[in-house]
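One structure below.
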Amino acid sequence: MTTEPTPAPAPWWRTAVTYQVYLRSFADSNGDGIGDVDGLRGRLPYLADLGVDALWITPWYPSPMADGGYDVVDHRDVDPVLGTLAQADALIAEAHARGIRVVLDLVANHTSDRHPWFTAALAAPPGSPARRRYHFRDGRGPGGEAPPNDWTSAFGGPAWTRVEEPDGTHGQWYLHLFAPQQPDLNWDDPAVREGFDDVVRFWLDRGIDGLRVDAAPALVKAPGLPEFDGGPAFAPATWTDSPHWDVDDVHEVFRRWRKIADGYPGDRMFVAEAVVNGPERLARYLRPGELHTAFNFDYLHAPWQARALRETIDSTLGAMAAVDAPATWVLSNHDETRHVTRFGRPTGARREPADLALGTRRARAAALLMLALPGGAYLYQGEELGLPEVEDLPEHLLQDPTWERSGRTVRGRDGCRVPLPWAGSRPPFGFSPDGARPWLPQPRDWASLAVEHQRHTPGSTLLLYRAALTLRRALPDLHGPDLAWADGAPDVLVFDRGSRFRCVVNLSGEPVPLRGHGTPLLTSCQQTRHELPPDTAAWLTR
Ligand code: NOJ
Numbered sequence: 001m002t003t004e005p006t007p008a009p010a011p012w013w014r015t016a017v018t019y020q021v022y023l024r025s026f027a028d029s030n031g032d033g034i035g036d037v038d039g040l041r042g043r044l045p046y047l048a049d050l051g052v053d054a055l056w057i058t059p060w061y062p063s064p065m066a067d068g069g070y071d072v073v074d075h076r077d078v079d080p081v082l083g084t085l086a087q088a089d090a091l092i093a094e095a096h097a098r099g100i101r102v103v104l105d106l107v108a109n110h111t112s113d114r115h116p117w118f119t120a121a122l123a124a125p126p127g128s129p130a131r132r133r134y135h136f137r138d139g140r141g142p143g144g145e146a147p148p149n150d151w152t153s154a155f156g157g158p159a160w161t162r163v164e165e166p167d168g169t170h171g172q173w174y175l176h177l178f179a180p181q182q183p184d185l186n187w188d189d190p191a192v193r194e195g196f197d198d199v200v201r202f203w204l205d206r207g208i209d210g211l212r213v214d215a216a217p218a219l220v221k222a223p224g225l226p227e228f229d230g231g232p233a234f235a236p237a238t239w240t241d242s243p244h245w246d247v248d249d250v251h252e253v254f255r256r257w258r259k260i261a262d263g264y265p266g267d268r269m270f271v272a273e274a275v276v277n278g279p280e281r282l283a284r285y286l287r288p289g290e291l292h293t294a295f296n297f298d299y300l301h302a303p304w305q306a307r308a309l310r311e312t313i314d315s316t317l318g319a320m321a322a323v324d325a326p327a328t329w330v331l332s333n334h335d336e337t338r339h340v341t342r343f344g345r346p347t348g349a350r351r352e353p354a355d356l357a358l359g360t361r362r363a364r365a366a367a368l369l370m371l372a373l374p375g376g377a378y379l380y381q382g383e384e385l386g387l388p389e390v391e392d393l394p395e396h397l398l399q400d401p402t403w404e405r406s407g408r409t410v411r412g413r414d415g416c417r418v419p420l421p422w423a424g425s426r427p428p429f430g431f432s433p434d435g436a437r438p439w440l441p442q443p444r445d446w447a448s449l450a451v452e453h454q455r456h457t458p459g460s461t462l463l464l465y466r467a468a469l470t471l472r473r474a475l476p477d478l479h480g481p482d483l484a485w486a487d488g489a490p491d492v493l494v495f496d497r498g499s500r501f502r503c504v505v506n507l508s509g510e511p512v513p514l515r516g517h518g519t520p521l522l523t524s525c526q527q528t529r530h531e532l533p534p535d536t537a538a539w540l541t542r
């Protein structure tokens, strides 16, 4: 008699719900108004109770904070404002003890301008090995006063800054696709590749379960840095054949890192931050031997419309299946307007005032839709509380480089980075000890959104997320890769998973009867048993 070998369980990252921690805004343990590693350690019971499988922690490295920590001075340490390496080790161990994996940001496209590699490059002459780690070029025109090419920065303005040479003369220019304080590394230089091999090993040796690859498509530039008429906006989702984005040779870097990660036990993974032109280009990052998963920005940017969502879901599933990678789903992160506010704009236009009651209703439905889809999901801290974007931060407090680089016309991303409300009736809402002032001010009316309040409020968004995550774990139908669409009324999404699970999402303007769909397990709107009002969703068992 032969026995079938038991199939190995799928690696955790194929179905994980990962919670993004924007560390400075999560929880402040020492009263300086800035969230820190020990603040996060203290809240691990909350995250375990919420039911997430993993954390992705935004950069905690020493940084002058020109771009929220994405300007790194030392990739092997923790900024003293945020904690110590010993505290980071303790966090990793304590998260693991609670069954939570830890993913860290890997910022490899650029360093801080105060990184020792860059200060050495500035002190060295043109053409030197120290300058070769970055992209230094002579300017164009007489005296070299024009930038070497026409590339623009993601935060506005030219992607080049001119340096003063050690002898005081105007000198070469260096490339920065982001802020001037974030010079781009030259990934054609073996010293850069080897340096980052060591960084990857450093964190994998410390027990990190995965790395999020920041700005993955930017790493490698086309030889000769040719001109690029990319249009007035930095819009990688629309670009084809850019000389500085999604260049084919970038994939060599990922194959190199994958080999390193495969040498470690325990399903280590990479998740790519890669805004590129469509799911087929994205799937190239996830080919066998490259990265494991990627954020789904097409899904994050999809409007609250049945057809658009269904098309994005189908194109994602198709493209990911072709490379045997799991799909992922995400609604918000630290760079995007929070989705309660986005979905609250009736036509979706950027400057339109948001109807937060509408946005909250849709956001709750969107959570049930996202968590019912096959693959992994990413939650951004505070979405489980239904936090909106803070759109009225005083201008003098704005910190995002976008604000200054746009000539104070684009406020940037601070509104989604406001510190979390944990408890109490007024700021700092338990984020910091009483009396401390959080680094960005919290709205005074956030008391009813605070964790402690929602924990005891039936029907709160926090309890909805917790119930959804509990069910998602408990229902084997939600663990496979399958999804089958079923018939629904116009603008109603209906799909089945496994043999018994059904999800119904009503994006129409009319109530939809639930009769015939099964017995409700969970709904995004409390009163619902027999019909789904507009902008609500239900999980059912058939
Ligand atoms: C993507 C990060 O998410 C964003 O916050 C940062 O500004 C850029 N990469 C540059 O590192």
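As numbered in UniProt numbering, the sequence shown has no gaps in its residue numbers, which increase by one up to the final residue, 542.
Note that CB positions come from ideal geometry on N, CA and C, so glycine has one too.
Here the structure is a predicted model, which is why all the values come from computation and not from measurement.
Helix, strand or coil at residue i according to DSSP, with G and I counted as helix
i, result
"Leu493", "strand"
"Val299", "Checking the sequence shown, residue 299 turns out to be Tyr, not Val. Looking at Tyr299 - three-state DSSP - the assignment turns out to be helix."
"Glu352", "coil"
"His115", "coil"
"Ala146", "strand"
"Gly376", "strand"
"Phe155", "coil"
"Pro520", "strand"
"Leu292", "Just to set this straight, residue 292 is His in the shown sequence, not Leu. Coil."
"Gly171", "strand"
"Cys525", "coil"
"Pro401", "helix"
"Arg181", "Here residue 181 turns out to be Gln, not Arg, going by the sequence shown. Gln181: coil per DSSP, three-state reduction."
"Gln442", "coil"
"Trp56", "strand"
"Gly39", "helix"
"Pro236", "helix"
"Gln381", "coil"
"Thr536", "strand"
"Glu165", "coil"
"Val504", "strand"
Given residue i as reference, the closest of the options once Cα atoms are compared
i, options, result
"Pro513", "Tyr264, Glu531 and Pro326", "Glu531"
"Asp188", "Ala108, Val200 and Pro126", "Ala108"
"Asp214", "Ala146, Ala294, Asn186 and Arg206", "Ala294"
"Thr402", "Pro394, Arg542, Trp13 and Asp414", "Asp414"
"Pro421", "Arg542, Pro443 and Arg473", "Pro443"
"Glu194", "Arg133, Ser112, Trp151 and Ala179", "Arg133"
"Arg287", "Glu311, Ala321 and Thr312", "Ala321"
"Ala363", "Gly376, Leu507 and Ser448", "Leu507"
"residue 552", "Pro158, Asp113, Gly156 and Arg201", "No answer is possible for residue 552: the residues shown for the chain start at 1 and end at 542."
"Gly69", "Val504, Leu23 and Arg162", "Leu23"
Sequence-distant residues of the same chain with beta carbon closer than 6 Å to residue i, five excluded per side
i, result
"Pro62", "Val73, Asp74, Asp77 and Asp79"
"Phe234", "Ala154"
"Met65", "none"
"Asp400", "Gly412, Arg413 and Asp414"
Same chain, Cβ closer than 7 Å to residue i, neighbours up to 5 away in sequence not counted
i, result
"Pro279", "Asp298, Ser315, Thr316 and Ala319"
"Tyr285", "Ala216, Phe254, Ala272, Ala274, Leu291 and Ala294"
"Asp89", "Arg206"
"Arg268", "Leu204, Asp209, Gly210 and Ala261"
"Trp117", "Thr111 and Arg133"
Beta-carbon contacts of residue i that lie in its chain and below 8 Å, excluding the five residues immediately before and after
i, result
"Asp246", "Pro217, Pro236, Trp239, Ala274, Val276, Asn277 and Arg281"
"Leu397", "Asp414, Leu440 and Pro441"
"Pro520", "Leu514, Thr528, Arg529, Ala538, Trp539 and Leu540"
Cβ neighbour criterion (16 or more within 10 Å) applied to residue i
i, result
"Leu85", "exposed"
"Thr6", "exposed"
"Asp105", "buried"
"Thr169", "exposed"
"Ser460", "buried"
"Pro190", "exposed"
"Ala327", "buried"
"Ser499", "exposed"
"Glu227", "exposed"
"Ala474", "exposed"
"Gln526", "exposed"
"Asp71", "buried"
"His244", "buried"
"His251", "buried"
* the stretch 453–465 / the stretch 320–334 touching (three or more Cβ pairs under 8 Å) -> No, the stretch 453–465 does not touch the stretch 320–334.
* Using 8 Å as the threshold, is the stretch 27–46 in touch with the stretch 434–447, meaning 3 or more CB pairs across them? -> The answer is yes - the stretch 434–447 touches the stretch 27–46, with three or more Cβ pairs under 8 Å.
* **the stretch 403–414 in contact with the stretch 376–383 per 3-pair CB rule at 8 Å** => Counting Cβ pairs under 8 Å, fewer than three are found: no touch.
* **Three-pair Cβ contact test at 8 Å for the stretch 165–180 versus the stretch 193–207** => As far as the Cβ criterion goes, the stretch 165–180 does not touch the stretch 193–207, which means the pair count is below three.
* Asked: Can you find at least 3 beta carbon pairs, one from the stretch 426–434 and one from the stretch 17–33, that sit closer than 8 Å?
  -> Segments in contact, yes.
* Touching or not, the stretch 479–496 and the stretch 368–377, by the rule of three or more beta carbon pairs under 8 Å? -> Touching, yes.
* Decide if the stretch 256–269 is in contact with the stretch 220–227; the criterion is three or more beta carbon pairs, one per stretch, under 8 Å apart. => Verdict: no, contact absent.
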